[in-house]
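Comments concern the structure below.
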Amino acid sequence: MYLLNSCWGCGEKLYIPTEFGDAINAAIDAVIGGPGGERALSAYYNRQLDTPAFSDNTIASVVEAVSKCPADDMPIIVAHHNLLPQRLPRLAPYTELVNSGALRSSLMELDRPVLYLHGHIHEEPVETLHAPGNAPLVIVSAPLITKGFNVIEIVFAPGSVPIVCNVLPYRFDGSGILRKFAQMKVPLTGKRRRGTFPIKNALYSKLIEKRTSYWSEISAFFPDTLQRPSDDELVQLLELLLAEGLVEIDNYELPYRAWIARAEV
22 MYLLNSCWGC GEKLYIPTEF GDAINAAIDA VIGGPGGERA LSAYYNRQLD
72 TPAFSDNTIA SVVEAVSKCP ADDMPIIVAH HNLLPQRLPR LAPYTELVNS
122 GALRSSLMEL DRPVLYLHGH IHEEPVETLH APGNAPLVIV SAPLITKGFN
172 VIEIVFAPGS VPIVCNVLPY RFDGSGILRK FAQMKVPLTG KRRRGTFPIK
222 NALYSKLIEK RTSYWSEISA FFPDTLQRPS DDELVQLLEL LLAEGLVEID
272 NYELPYRAWI ARAEV
């Protein structure tokens, strides 16, 4: 996990040309020292520029560190600001990260899944970015703490490779009760396949044949006890097929015995 400072440069004062600086500064001091000075001071403070940015050294070091992570690690980056502009238009200068594109593009070029967690906008989007065919950069926004929180789960394949990111939102309802809402699943494999082997191919073939399969049917696909995978192995195979976009799983947020797998060519 990498904790980044995205507020480098925040609080920079509005530049005033030197030709006007002395007269304007004297006028500001006079207003702040007069009646209503506290309100004037607040207004002056708000004239400072909110210029969020990553330092060049931060971008270079985190990209290098992520590139050296083993394939069976899931890099997680945490910062305050989003890597993408928010939905609500903001006309004030420099309200978004001024160099988010540098970090965003560099992470996408690594062609490995990366999870980026942030706050700032608190609009709760889950967004994915990737170059065609590459592994995704998954961006998850945290809600206001008064509204709830997210639980993040990373599902790994049998070879310990991350294949799915599950986002489980917990939110307070209108009565103030904390509830778990429908989870979102984000495949992490991009267009790549995580290998093929007979038991996986056999399972996928049977799912295609049935199109819609309940767990009781899936567990009966392999009647030979010597060849039948365990429940844990079946779950891993289904999640691998899910990550590759070959199947959909209804009731995925429930225990696996409630799963319904759907597959079509």
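Numbering of the sequence shown is given in our numbering, commencing with residue 22 and proceeding in unit increments. Ideal Cβ positions, reconstructed from N, Cα and C, are used throughout, including at glycine. Quick caveat, the model's predicted, so the values are computed rather than measured.
Backbone secondary structure at residue i - three-state DSSP
| i | result |
| --- | --- |
| V119 | coil |
| T210 | coil |
| N155 | coil |
| A48 | helix |
| P219 | helix |
| A203 | coil |
| V172 | strand |
| V83 | helix |
| E230 | helix |
| T149 | strand |
| L136 | strand |
| E269 | strand |
| I97 | strand |
| L165 | coil |
| L24 | strand |
Boundaries of the alpha helix (DSSP H) in which residue i is found, first to last residue
| i | result |
| --- | --- |
| S162 | Note, S162: premise wrong, no alpha helix (DSSP H); beta strand (DSSP E) at L158 to S162. |
| V239 | A small fix is needed here, since residue 239 is Ile in this sequence, not Val. Run containing I239: W236 to I239, per the alpha helix (DSSP H) assignment. |
C-alpha gap between residue i and residue j, whole angstroms
| i | j | result |
| --- | --- | --- |
| A152 | E59 | 51 Å |
| E238 | D245 | 14 Å |
| R125 | L165 | 24 Å |
| G122 | V161 | 17 Å |
| E40 | N46 | 11 Å |
| A279 | G195 | 29 Å |
| N187 | V176 | 8 Å |
| A74 | T210 | 30 Å |
| E230 | W236 | 15 Å |
| E269 | W29 | 43 Å |
| E265 | S127 | 24 Å |
| E174 | L105 | 23 Å |
| E130 | L136 | 14 Å |
| P276 | A163 | 26 Å |
| L25 | P134 | 18 Å |
| L158 | V52 | 49 Å |
| F242 | A282 | 13 Å |
| Y88 | E117 | The sequence given here places Ser at residue 88; Tyr does not occur at that position. Those two C-alpha atoms are separated by around 26 Å. |
| A203 | R232 | 24 Å |
| I80 | D252 | 43 Å |
| N78 | V119 | 15 Å |
| N272 | G154 | 28 Å |
Beta-carbon separation (whole angstroms), residue i vs residue j, contact threshold 8 Å
| i | j | result |
| --- | --- | --- |
| H141 | N103 | 6 Å |
| P183 | M95 | 4 Å |
| A284 | L228 | 4 Å |
| L261 | K206 | Actually they do not touch by this definition, with Cβ atoms about 13 Å apart. |
Enclosing beta strand (DSSP E) for residue i [first to last residue]
| i | result |
| --- | --- |
| K89 | From DSSP, K89 is part of no beta strand (DSSP E); its letter is neither H nor E. |
| V256 | Not the beta strand (DSSP E): V256 falls in the alpha helix (DSSP H), residues D252 to A264. |
| N187 | P183 to F193 |
| A282 | I281 to R283 |
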